[in-house]
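Taking it in order: structure first as structure tokens, then the write-up.
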Amino acid sequence: MIPVRIRQARAADATSVADLVHEVYRPFAVGFRPTALTWSGEAVRACASSWLLAHREDELVGVVHQTPDPAGHTLDALAVSVPWRRRGVGTQLVAAVEDRALALGRRRMVIALRDSLGANIEFFTSLGYRPTQPFPPAHHLYVKEIGARE
Numbered sequence: 001m002i003p004v005r006i007r008q009a010r011a012a013d014a015t016s017v018a019d020l021v022h023e024v025y026r027p028f029a030v031g032f033r034p035t036a037l038t039w040s041g042e043a044v045r046a047c048a049s050s051w052l053l054a055h056r057e058d059e060l061v062g063v064v065h066q067t068p069d070p071a072g073h074t075l076d077a078l079a080v081s082v083p084w085r086r087r088g089v090g091t092q093l094v095a096a097v098e099d100r101a102l103a104l105g106r107r108r109m110v111i112a113l114r115d116s117l118g119a120n121i122e123f124f125t126s127l128g129y130r131p132t133q134p135f136p137p138a139h140h141l142y143v144k145e146i147g148a149r150e
């Protein structure tokens, strides 16, 4: 695992975040329209504080969107630049989201995963996420309980 520096996004990062998300999700648009492709620079700028960025030196290598939700702390649009995949960047971003959720008193993480994307399902289940219920269309919600219960 290569260590990365993770920080909260700022409005000035919006275009870079949107560009990375589009670079990662655009290849999937052949079979379906990934919801991550709705993240424009303007949309990211409007909620910049809900994005976490991973940098290796000065290079942006990964991003994730996260937010508290009544069902649990949610994450989506996890995107790691192709040359940096399978080097622990995504794992570190998910861990940072889980840490943020714990700091907010949340004990449940939630993500919707597309049923046809086996690599995504394998990644999140390896981190302890488990399927709970269908999330139409063509997704299931995956949940992970985090932190010690009091």
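In full-length UniProt numbering, the protein residues as written are 1 to 150.
We put the CB at the ideal spot given by N, CA and C, even for glycine.
The structure displayed is predicted, hence computed values, not measured ones.
6 Å CB neighbourhood of residue i in its chain, flanking five on each side removed
i: alanine 96; result: Ile6 and Leu52
Test item: CB-CB of residue i and residue j under 9 Å
i: glycine 62; j: alanine 43; result: no
i: histidine 65; j: alanine 77; result: yes
i: arginine 100; j: glycine 72; result: no
i: threonine 67; j: serine 50; result: yes
i: arginine 56; j: valine 89; result: yes
i: arginine 85; j: methionine 1; result: no
Residue burial classification, residue i (beta-carbon count within 10 angstroms, cutoff 16)
i: alanine 54; result: buried
i: arginine 130; result: exposed
i: methionine 109; result: buried
i: glutamine 133; result: exposed
i: glycine 31; result: exposed
i: glutamate 98; result: buried
i: leucine 104; result: exposed
i: proline 34; result: buried
Close-in-space but distant-in-sequence residues of the same chain around residue i (CB under 7 Å, 5 per side omitted)
i: alanine 48; result: Ala9, Arg10, Ala11, Asp13 and Ala14
i: glycine 147; result: Leu102 and Arg107
i: leucine 60; result: Ser16, Leu20 and Leu53
8 Å Cβ shell around residue i - same chain, five flanking residues per side excluded
i: residue 151; result: This structure cannot speak to residue 151, because the chain is shown only from 1 to 150.
i: aspartate 69; result: Val110
i: leucine 127; result: Thr91, Val94 and Lys144
Checklist entry - Does the stretch 106 to 125 come within contact of the stretch 15 to 24, defined as at least 3 CB pairs closer than 8 Å? => result no
Item to check | Contact between the stretch 119 to 138 and the stretch 6 to 21 (3+ Cβ pairs under 8 Å) | outcome: no
Checklist entry - Residue ranges of each alpha helix (DSSP H) run of no fewer than 4 residues wholly in the stretch 28 to 94, ordered along the chain? => result 41 to 46
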